[in-house]
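*Asks:*
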Amino acid sequence: SKALVMDAISEGIDIAVFTSSSTVENLAKLLNDDLACLENAKIACIGPITAATAGELGLSVDIVATEHTIDGLVTAMEEHFVGGGDTG
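In this text, residue positions in the sequence shown follow my numbering: the first is 4, and each later residue adds one.
Shown next, in the form of structure tokens:
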């Protein structure tokens with residue numbers, strides 16, 4: 004529910020991970036298109052189509068997997084955070 008999502012976000016999240024365009028769209032719908040609560044979170048997407056959807060909805064995407072699988076997404080996040088790609 005929206006209340007559960009907002010409670011989780013209000014406690015602070017480091018990263019929002021999206022595995023499809025529909026996951027981005029569904030979160031936006033749940034939040035009535037107010038995604039400002041994610042402005043301090045890193046945004047990770049499974050591929051360029053999902054990243055484009057996130058961008059269209061106003062999110063600044065930090066991580067895009069080059070291999071469009073869950074393993075590829077985990078690798079991309081690991082490289083970002085452990086490999087020095089995280090600047091903030």
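From the three backbone atoms N, C-alpha and C, an ideal C-beta is built for every residue, glycine too.
#1: Assuming Val-20 is part of the beta strand (DSSP E), what are its boundary residues?
#2: Just to confirm the assignment, what range does the beta strand (DSSP E) spanning Ala-93 have?
#3: Determine the extent of the alpha helix (DSSP H) in which Asp-10 is found, giving its start and end residues.
#4: Pick from Asp-37, Gly-61, Leu-41 and Ile-66: whose alpha carbon is nearest that of Val-85?
#5: Can you tell me whether Ser-24 is buried or exposed? The criterion is at least 16 other CB atoms within 10 Å of its CB, across all chains shown.
*Replies:* Let's see:
#1: Along the sequence shown, read from residue 1 onward, the residue named residue 20 stands at position 17. Run containing Val-20: 18 to 21, per the beta strand (DSSP E) assignment.
#2: Coverage of the chain is limited to positions 4 through 91, which leaves residue 93 absent and any answer about it impossible.
#3: Indexing the sequence shown from 1 puts residue 10 at position 7. Start and end: 5 to 13.
#4: As a working mapping, residue 85 is identified with position 82 in the sequence shown. Ranking Asp-37, Gly-61, Leu-41 and Ile-66 by Cα distance to Val-85 puts Ile-66 first.
#5: In the sequence shown, residue 24 corresponds to position 21, counting from 1. Buried, since its Cβ has 16 or more Cβ neighbours within 10 Å.
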